[in-house]
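Residue numbers (full-length UniProt numbering): 1 to 429.
This is the structure:
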């Protein structure tokens, strides 16, 4: 078993990173080379602006290269809850932003000629308990009536055509949802940035930021760049470089680890027995799971196996064992199937689990995807590029308040307590 992201291991490596010193004058400097930062840089470079991308590790080293591979439309919250929190119009606008982002991913793939196995698979939100059915059905009826008629309810008896498990009691099918090979998309985005004239420096953590007469200076161990505008696209990894000038975000982003395993490639018979519908799937538990087939027919199975802000080989291995138990609980026939990959990564939660994008602390930012960044980050990257160019009418999150989390400065000490609480809710619901 490899303790590495399947997406990294099975995608061409990006080899267009700069090896020279970090230097120069740019219109925009982007901190972070995940989906958000790369698509912002791609858009700006296509518009003819001078763009520098500064990445502490390597392209996609954060959540963009460590996720479960889903491009799910819709909002993670119940739609009624979203309306209550955001208001009806903003909830509708955010829901449709997820739809537009998946469309934009499809467009970017076509524009840039990226081969990444994109497919409109549809997503199943599965009722893990009989008691969850009424709530899911009510959410489906509201969503279908008010914002997304491309959804339908699937009764328990008909789930056998979708998933080879009798552990679920019905589900919502979101027909617009999709999937792709995340690593290949990452490499394709990075290559597009450099092809259009942008510069990407990997291994260049930003350790200082200072105001200059005509913009900003960003310091790295390899040199300094100057830029008129700075975009922060760091998300859960805002606290990974202790000296990074990202304090504003460290007080608002709760980093929490999520873990994923991938089996060996399944045979055609095993695929038919396990995932005949070949969709992305998520369960309805608070501490639930998400799963799909990879392009080479591995089951990619993830979840928040432990409430922790740490992902390393020891932590990933312990979490992988928890995930394997959950996987075989849903699919007992996979008990003898080998696990080829096990990895983890950090998810950037906001207090209310809604993302944020805008301007603060002298920077333009987009982050806080709360586990749903793969699908929304491409669109928000373009939103940030629009903001950098002075266009302010494309941001679906404009004006959404973002208060700090009390007693948080990058280290969420309260996660084990949250895990106990959500585990109790799952047992009692």
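Cβ atoms here follow ideal geometry from the backbone N, Cα and C, with glycine treated the same way.
Predicted model only: the values in this text are computed from it and were never measured.
So, helix, strand or coil for residue 358, using DSSP? strand
In chain order, which beta strand (DSSP E) runs of at least 3 residues are fully inside the region 123-163? 123-126 and 151-154
Report yes or no: do the region 215-228 and the region 278-286 share at least 3 C-beta pairs separated by less than 8 Å? no
Is residue 160 buried or exposed, if buried means 16 or more other CB atoms sit within 10 Å of its CB? exposed
What are the start and end residues of the alpha helix (DSSP H) that includes residue 7? 6-9
If we count Cβ pairs, one from each stretch, closer than 8 Å, do we get three or more for the region 30-43 versus the region 179-194? yes
With the cut-off set at 8 Å, would you say residue 78 and residue 133 are in Cβ contact? no
Rounded Cβ spacing between residue 186 and residue 122 (contact assumed at less than 8 Å): Going by Cβ atoms, the distance from residue 186 to residue 122 rounds to 23 Å, so no, they are not a contact pair.
Suppose you measure from the CA of residue 124 to the CA of residue 279; what does that come to, to the nearest Å? 7 Å
Own chain residues within Cβ distance below 7 Å of residue 378, not counting five before or after: 35, 39, 101, 104, 105 and 108
Does the beta-carbon of residue 111 have 16 or more other beta-carbons within 10 angstroms, so that it is buried, or is it exposed? exposed
Option in 120, 87 and 29 with minimal Cα separation from residue 277: 120
Extract the residue ranges of the alpha helix (DSSP H) inside the region 224-259, only unbroken runs of 4 or more that lie entirely within it. 247-250
DSSP state of residue 340, grouped into three classes? strand
Please report the straight-line C-alpha distance between residue 63 and residue 247, rounded to a whole angstrom. 20 Å
Look up residue 417 in the DSSP assignment and say whether it is helix, strand or coil. Residue placement at residue 417 is flagged as unreliable, the pLDDT there being 45, under the threshold of 50; a coordinate-derived value is accordingly withheld.
Output yes or no for whether 8 Å exceeds the beta carbon distance between residue 198 and residue 33. no
Buried versus exposed call for residue 245 [16 or more other C-beta atoms within 10 Å across all chains shown]: buried
With DSSP run on the structure shown, which of helix, strand or coil describes residue 289? strand
Quick check on residue 498: does DSSP put it in helix, strand or coil? Outside the shown range of the chain, which is 1 to 429, sits residue 498, and nothing can be said about it.
Residue range of the unbroken alpha helix (DSSP H) whose run includes residue 377: 373-388
Stretch pair the region 79-90 + the region 151-159: three plus CB contacts closer than 8 Å: no
So for residue 407, helix, strand or coil by DSSP? coil
Grab the span of the beta strand (DSSP E) containing residue 210 for me, first residue to last. 208-212
Between the region 333-348 and the region 207-215, do three or more beta carbon pairs fall short of 8 Å? no
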